[in-house]
Amino acid sequence: MRKEIQFHYDREADVLYLSVGRPQRAKTVEMGEDFILRLHPKTAEVIGVTIIDFSRHFPQLKPAQLRLPVNGSFDPARL
1 MRKEIQFHYD READVLYLSV GRPQRAKTVE MGEDFILRLH PKTAEVIGVT
51 IIDFSRHFPQ LKPAQLRLPV NGSFDPARL
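Take the sequence shown: its position 59, counting from 1, is numbered 59 in our numbering, and each next residue is one higher.
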């Protein structure tokens with residue numbers, strides 16, 4: 001079953017929150033500077049990503065211009 005990806009950008013804090021489905025409680029794992037994976041507490045499935053200092057890491061992207069769905073892959077080992 002495919003779940004909708006939701007996102008919220010906190011402009012004041014410059015943080016982008018991505019959630020697979022509705023945001024929920026999660027275990028967190030820091031994956032390098034400013035990247036946090038959110039894992040389902042029972043299955044360890046990735047249920048979200050938090051990017052701190054979003055505009056510094058992705059200066060070419062503007063959160064207001066992001067469109068979903070986004071197709072792609074994510075490799076935590078490359079962070």
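Glycine is no exception: its CB is placed at the ideal position from the N, C-alpha and C atoms. In this text, all values refer to a predicted model and were calculated from it rather than measured experimentally.
Distance CB(residue i)-CB(residue j) smaller than 8 Å
i	j	result
G81	L18	Absent from the model: residue 81. The displayed extent of the chain is 1 to 79, so no value can be given.
V20	I5	yes
Exposed unless 16 or more other CB atoms sit within 10 angstroms - verdict on residue i
i	result
R38	buried
T50	buried
L79	Reliability fails at L79, whose pLDDT of 48 lies under 50, so the model's placement of it is uncertain and the value that follows must be treated cautiously. By the 10 Å Cβ count, L79 comes out exposed.
F54	buried
Under the three-state DSSP convention, the category residue i falls into
i	result
F58	coil
H40	coil
L79	Below a pLDDT of 50, predicted positions are generally treated as unreliable, and L79, at 48, falls in that range; the measurement from the model is reported next regardless. Note: L79 maps to coil in three-state DSSP.
E45	coil
E30	strand
D10	strand
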